[in-house]
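*Asks:* Input: one structure, supplied below.
In my numbering, the protein residues as written are 364 to 1473.
Right under this line is the structure:
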């Protein structure tokens, strides 16, 4: 019997004949269970009943309808009685019968019908009567009459009648011209020859049709399948007589050899009687010779032996083989299947670039293949379904309800293992074209595996042993089925929205996209060459040093065992007891985008794989090992000695290099053993050393090919460059030389951030040591308590990049006059002051040899952070910018609580300075991230910058307050340096202009540094309302001044104070003190000198400002 499954989305099925022997129903008999195999390939309806869309009985011999009553329901579908039976024992529904009245009339006249044939005839008559009564029929009551009867017996059946010579494309009420068209060639009544009509037997009455099948709805070519039942030589001679002028009618890609490869199909002579003297009927042979290129002829029979049996007949087989030799075809026999129940064929379109095993010219052909499948676990009885995992039961229900999946069986792992359950299915939703580039079949045998104990509890296994090696599959166990990689997210994320129905849809999506080779997106990196190994080996970042000739070795140790086994390779140290390995590294020729491959098991496998990709292993391996043993090598065993081979494979896309893939292989052999296998060692000398030699005249032996490999997924330790890439840190300015002054709470976090993202080359300077209270905010650990902070931060940086040039650590104050500090400052491009002191930034601002400086700090509340950055040319030094920062605090609403200390502080020791502010590490880390990123961006620009980032303690939102910077001016007076900025000057000019013709003035606010004798003017207060002013004098009042100064002290945490007075001069008067001003300045000096402070007077004249200190 022959089952045809079409490529439409519903997978319409057509069954031609039935031969299910009684022995096949006996589980104790070795006869293949054809009934089970048939049901496995059928669709099942919503009531879980198997069905065929159409059933053709080519003629009613027992060998064409055996088992019909036992395996098919022949009656009204409303009376179907098998719903309570085991699933695989339910009889198959026939939605539409294809029957010929001529077959039964001639058979009943010349031959007694078997019981199965009588049952079929009875059901056919019931359906014809049904149609005559209702003129319409649904599934289970449909019938199509193949060939008209004589004497007008079928004239009233026109809508369901197909006459010989006609074509049809409708099956069970569905029009399927894109996928199926059948040309009925026989039987036909022979009313023109009464004697012939009388003498025709059942065999000569067989239904003959040429079925055209399309691999997809879009294919322009059709595959032709010629089927002729048991039609013998008379009918085939008449076929040729009728179609000799149009032989394409008889063309075929697949022929089911008539009458089981009988000689009576091709000859009037008896094979058993005449043997080789039997003559071929050339007309019949011509009719059966219309094979297209690459055609296949199948004999549905027992094994064909070289004897006088008929059918099957060895002479007929030879004739068919001769026919096929002319078209490069293939002959097969079902008797050669052995224990297999069936032979599978698939129609595939020939796409451009697709290569078939046999060269064919036609655009479509049958690709013949005996399909082998993996078997997982053991088959379960239907009664055990109630005890399956809940997820298995849910999937089983969904798969049975899905019209595109056929549940074949349920399997389960053997007891004693981690129990997985498997639902074996045939799946195909019609969206995969036959002959696709990916090699995915329109219907695939898959298994849905369920195990709640696994990290991913539901997976899909590909059971076809020759399922293509495509991207996004997980590696198989040795000799096992592969697993589809369905999701790009962790299961913990997927399971939140997972349903069986969505899982099934995802499975079909994978098959569809893989068939088109579109699953791996074009913007993704080129796919890995090999499946991921269960072993992961982490190499040091300077691994190349260990691939050079010499005695350097690495020590391999196991780190952890989980989903994969993590190994780590570190430089060998004296006394190491773990496995010591020599590393051999090589680069092979570039490889483009081949499909994913299994990891090779031997060196020879690896070499062959690389050669298939246009690369090579042997030459590179030989050269590398040859160099590695330049000084000779000894056979003396070394403890745990081994070799690690790393193969660097340049990956290219469109001719451009994209990256290197690194494949790692552990060889449990010594370098001596590897060199010996490569035939490159001479005999040992007196010291036991074997020196390298060259094999003249070609390649050495093949022993190296047999060396087994243990594949490891190679991961390289992080490098600064890789860290920048992963962090999204631009390469520009990434190697900036910097000094980080202060590695306390904020400084240590900044150092950690910049180290981890590979930004800058740093010198850490800080005189302090780690104390216990530091651990709540510092990156140090308890074991570092008592050590210098710079040493701790440096050591932690080395732990991140052990093979990177470590940062320098100087456990001194940035202001100390040492050669080491001076050298660090001289090569630095930036000094980052995080000392939280006043003296460091102010002193650094005075030194011309110091590079550009920035001051970073978090305010006492922990809610704000500040950056004060000098310009590239240091025209706006840090101390002058400090005054502008304070002025912004005084002028803006955000400055009201900016420097407040709401949480207070705590004593952390017995000394007077052993006090620490209360602040969480959250504040430090949050603001460190902001300051780190903003500084990286800002140093790339030449401008000065002052910015405050204020966070809202409730919402967590952060607001940036950008402070405009102004040009800084410097004046000298009486040994003092006074710094003020252009914004302040313009403020004075504005106040003067507004008061004209009178003078005006007010108190000056600033910061006085007595050590450096520097006054930084921050701001001026407006004239009080009780002031006296005229064109020739100004006397500042007192109203509101005390209150205003109190606000200044509070907002600036006492940093800004009263430093002197300013007043304006009218037009025509210079910015120099008058006699009256001298008296006023003298008085001011006496008042300020009480506290030992200088007195500052500022005079604003037209276009000029005078600065005077007494």
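Beta carbons: idealized from backbone N, C-alpha and C, even for Gly.
#1: Does DSSP put residue 721 in a helix, a strand or coil?
#2: Would you kindly work out how many angstroms separate the C-alpha atoms of residue 866 and residue 930, rounded to a whole number?
#3: Measure how close the beta-carbons of residue 771 and residue 785 come, nearest whole angstrom, since I'm counting them as under 8 Å.
#4: For residue 967, which residues of its own chain have a beta-carbon under 6 Å away from its beta-carbon, when the five flanking residues on both sides are left out?
#5: In the DSSP assignment, what residue or residues form a beta bridge with residue 1423?
#6: Measuring straight from C-alpha to C-alpha, what distance separates residue 536 and residue 456?
#7: Take residue 745 as the anchor and find which of 813, 830, 450 and 1376 has the nearest alpha-carbon.
#8: With three or more C-beta pairs closer than 8 Å as the rule, is the stretch 1077-1085 touching the stretch 1101-1110?
#9: To the nearest angstrom, how far is the alpha carbon of residue 379 from that of residue 420?
#10: I'd like the list of long-range same chain contacts for residue 1183, defined as Cβ closer than 6 Å, with 5 residues on each side in sequence excluded.
#11: Using 8 Å as the threshold, is the stretch 501-521 in touch with the stretch 473-482, meaning 3 or more CB pairs across them?
#12: Would you say residue 993 and residue 1035 are within 8 Å of each other, going by their C-beta atoms?
#13: Where does the unbroken alpha helix (DSSP H) through residue 1117 begin, and where does it stop?
#14: Please report the Cβ distance between residue 1293 and residue 1140, rounded to the nearest whole angstrom; I am assuming they are in contact, meaning their Cβ atoms lie under 8 Å.
#15: For the beta strand (DSSP E) containing residue 1339, list its first residue and its last residue.
#16: Within 8 Å, do at least three Cβ pairs link the stretch 1392-1402 to the stretch 1215-1226?
#17: Between the C-alpha atoms of residue 1180 and residue 1195, what's the straight-line distance to the nearest angstrom?
#18: Just verifying my parser: in three-state terms, what is the DSSP assignment at residue 1451?
#19: Kindly list the residues whose CB is nearer than 8 Å to the CB of residue 1165, restricted to its own chain and excluding five residues on each side of it in sequence; keep chain order.
#20: Exposed or buried, which one is residue 689 when buried takes at least 16 other CB atoms within 10 Å?
#21: Name the DSSP bridge partner or partners of residue 1128?
#22: Indicate the three-state DSSP secondary structure (helix, strand or coil) for residue 1284 in the structure shown.
#23: Using only the alpha-carbon positions, how far apart do residue 975 and residue 981 sit?
#24: What residue does the beta strand (DSSP E) around residue 667 start on, and which one ends it?
#25: What separation, rounded to the nearest whole angstrom, lies between the Cα atoms of residue 953 and residue 734?
#26: Of all the beta strand (DSSP E) runs that stay within the bounds of the stretch 732-780, which reach a length of 3 or more residues?
#27: Report the residue from 1411, 1418 and 1466 whose alpha carbon sits nearest the alpha carbon of residue 1430.
#28: For residue 1246 versus residue 1344, is the C-beta spacing smaller than 8 Å?
#29: Can you check whether the CB of residue 1436 is closer than 8 Å to the CB of residue 1397?
#30: When DSSP labels each residue in this structure, what does residue 686 get in the three-state scheme?
#31: Tell me whether residue 614 sits in a helix, a strand or coil according to DSSP, three-state version.
#32: Compute the Euclidean distance between the alpha carbons of residue 580 and residue 877, then round it to the nearest angstrom.
#33: Is it true that the stretch 618-625 meets the stretch 679-688, where meeting means three or more beta-carbon pairs spaced less than 8 Å apart?
#34: With a 10 Å radius around its C-beta and 16 neighbouring C-beta atoms as the bar for buried, classify residue 497 as buried or exposed.
#35: Do residue 647 and residue 570 have their beta-carbon atoms positioned less than 8 Å apart in this structure?
#36: Report the residue from 629, 856, 618 and 1375 whose alpha carbon sits nearest the alpha carbon of residue 662.
*Replies:* If we stick to the structure as given:
#1: In this predicted model, residue 721 has a pLDDT of only 28, less than 50, meaning its place in the structure is not dependable; the value taken from the coordinates is given anyway. The answer is coil: DSSP assigns residue 721 none of H, G, I, E or B.
#2: 35 Å
#3: Their Cβ separation, rounded to whole angstroms, is 10 Å, which puts residue 771 and residue 785 out of contact at 8 Å.
#4: 1068
#5: 1367 and 1459
#6: 16 Å
#7: 450
#8: no
#9: 6 Å
#10: 1173
#11: no
#12: no
#13: 1108-1119
#14: So it is not a contact: roughly 16 Å between Cβ atoms.
#15: 1339-1344
#16: no
#17: 18 Å
#18: helix
#19: 903, 904 and 1080
#20: exposed
#21: 1104 and 1173
#22: helix
#23: 13 Å
#24: Run containing residue 667: none; DSSP gives neither H nor E here.
#25: 35 Å
#26: 768-775
#27: 1466
#28: yes
#29: no
#30: helix
#31: coil
#32: 19 Å
#33: yes
#34: exposed
#35: no
#36: 618
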